[in-house]
Amino acid sequence: MTSEKYQKIELTAICPECSSTYLSRNYSRAELVCDDCGLVIEEDLIDYGPEWRAFDSEQREKRARTGAPMNYMIHDKGLSTTIGWTNRDSYGKSIPNRNRAQLYRMRKWQRRIRISDATVKNLASALSNLDRMSSRMGLPRTVRETAAMIYRKAASKNLVRGRTVEGVSAASLYAACRQCHVPRTLDEISNIANMSRRDIGRNYRYVSRELGLKLMPTTPQDYISRFCSELKLNGDVKAKTIEILKEAADKELTSGRGPTGVAAASLYIASVLCGER
1293 MTSEKYQKIE
1303 LTAICPECSS
1313 TYLSRNYSRA
1323 ELVCDDCGLV
1333 IEEDLIDYGP
1343 EWRAFDSEQR
1353 EKRARTGAPM
1363 NYMIHDKGLS
1373 TTIGWTNRDS
1383 YGKSIPNRNR
1393 AQLYRMRKWQ
1403 RRIRISDATV
1413 KNLASALSNL
1423 DRMSSRMGLP
1433 RTVRETAAMI
1443 YRKAASKNLV
1453 RGRTVEGVSA
1463 ASLYAACRQC
1473 HVPRTLDEIS
1483 NIANMSRRDI
1493 GRNYRYVSRE
1503 LGLKLMPTTP
1513 QDYISRFCSE
1523 LKLNGDVKAK
1533 TIEILKEAAD
1543 KELTSGRGPT
1553 GVAAASLYIA
1563 SVLCGER
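According to the numbering used here, the sequence shown is numbered sequentially starting from 1293.
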């Protein structure tokens, strides 16, 4: 039951009321709330954090009993150990100066052996590329982790063979955006990845077909929250835009047209009607 609840929370990346992707978790009330419309999406959430409190980094280090969680953006999922740079032993005593040169060499070789295999090097390069593109596009952590998982599945099935690492990673990021309901256009991915729109689209179709990804087509409503946020429009304009889109869909005026164009046109009409220019 706990795992099902946790999975449900992880998959909730969009508000069912206003289609916003700006969600925040209220730990004191154990709720997941939409920042735009205030809808309580989830309640009675389980807090998986520590039961203790720490007021500085020193207390946090002393009271922590576990390591960092798994991170799919790191090639070894963050489970490997590293030699720290504090120059102190396990008892907290300072390392003598005569041993620090040896410790420095151990650190260097330990970093090298973490990424020694060619397959691991390609995976590390792809995940680094995914993180770079996600950072430049301002994508949330859920999208980054989803893109990393899609790329790992593609690599495990040898789908990267015969294709560039950059192309498959860009396709994985595009698929993750659609899967998490944080849509980005192929042109945006193309500009960030420095690849042609055609190559990314071809890689995306190949990866989604081979992995059996069932992704719904994007709708104009998916872009409204993002456009309103970038243009700094108020909630009245957003609500009016959604109303216009619903009416246009009922009259079948949006069929055969690009979702971004329909969203932009509806947003402009709503802005004029609400007096926002």
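By construction, the Cβ of each residue, glycine as well, lies at the ideal position given by its N, Cα and C atoms.
To which residues does DSSP link residue i through a beta bridge?
| i | result |
| --- | --- |
| Leu1316 | It is Ser, not Leu, that sits at residue 1316 in the sequence shown. Per DSSP, Val1325. |
| Arg1490 | Paired residue(s): none; Arg1490 is not in a bridge. |
| Ser1386 | Arg1380 |
| Val1332 | Val1325 |
Hey, quick one: how far does the alpha helix (DSSP H) through residue i stretch, first residue to last?
| i | result |
| --- | --- |
| Ile1442 | Arg1433 to Ser1448 |
| Ile1484 | Leu1478 to Ala1485 |
| Val1460 | Val1457 to Gln1471 |
| Met1365 | From DSSP, Met1365 is part of no alpha helix (DSSP H); its letter is neither H nor E. |
| Leu1507 | Leu1507 -> no alpha helix (DSSP H), and no H or E assigned at all. |
| Glu1535 | Gly1527 to Asp1542 |
Give a yes or no on whether the C-beta atoms belonging to residue i and residue j are separated by under 8 Å.
| i | j | result |
| --- | --- | --- |
| Thr1422 | Ala1410 | In the sequence on display, residue 1422 carries Leu and not Thr. Contact flag unset, no. |
| Thr1313 | Ser1517 | yes |
| Leu1478 | Gly1493 | yes |
| Leu1324 | Glu1309 | no |
| Tyr1287 | Ser1420 | Lying before the first or after the last residue shown, residue 1287 is absent from the chain, which here runs from 1293 to 1569. |
| Ala1447 | Ser1500 | no |
| Val1412 | His1367 | yes |
| Asn1495 | Arg1453 | no |
Take the Cβ of residue i as the centre, count every other Cβ of all protein chains shown within 10 Å, and call the residue buried at 16 or more, exposed below.
| i | result |
| --- | --- |
| Ile1405 | exposed |
| Phe1347 | exposed |
| Gly1430 | exposed |
| Asn1379 | exposed |
| Arg1433 | exposed |
| Ser1295 | Note that Ser1295 scores a pLDDT of 40, beneath 50, so its modelled location is shaky and nothing firm can be said. |
| Glu1437 | buried |
| Ser1311 | buried |
| Lys1524 | exposed |
| Gly1384 | exposed |
| Arg1549 | exposed |
| Lys1369 | exposed |
| Gly1459 | buried |
| Val1332 | exposed |
| Leu1507 | exposed |
| Lys1449 | exposed |
Near residue i, which residues of its chain fall below 6 Å by C-beta distance, leaving aside the five closest residues on each side in sequence?
| i | result |
| --- | --- |
| Leu1337 | Ala1322 |
| Glu1350 | none |
| Gly1567 | none |
| Met1441 | Tyr1364 |
| Asn1526 | none |
Considering only residues of the same chain and omitting the five flanking positions on each side of residue i, which have a CB-CB separation below 7 Å?
| i | result |
| --- | --- |
| Asp1381 | Ile1387 |
| Pro1475 | Cys1469, Thr1510, Asp1514 and Tyr1515 |
| Leu1565 | Lys1532 |
| Pro1512 | Leu1537, Thr1546, Pro1551, Val1554, Ala1555 and Ser1558 |
| Ile1484 | Met1425, Arg1428 and Met1429 |
| Ile1251 | With the chain covering only 1293 through 1569, there is no way to say anything about residue 1251. |
| Lys1297 | Because the pLDDT of Lys1297 is 38, which lies under 50, any placement of that residue in the model is unreliable, and the number read from its coordinates should be weighed accordingly. Result list for Lys1297: Ile1338, in chain order. |
| His1473 | Ala1305, Ile1306, Thr1313 and Asp1514 |
| Ser1316 | Val1325 and Asp1327 |
| Asn1318 | Val1325 |
Taking 8 Å as the limit between beta carbons, can you name the residues of its chain near residue i, skipping five residues before and five after?
| i | result |
| --- | --- |
| Ser1521 | Tyr1314 |
| Ile1375 | Leu1395, Met1398, Arg1399 and Gln1402 |
| Ser1577 | Residue 1577 falls outside the range modelled here, since the chain spans only 1293 to 1569, and no answer is possible. |
| Ile1534 | Cys1310, Ser1311, Gln1513 and Ile1516 |
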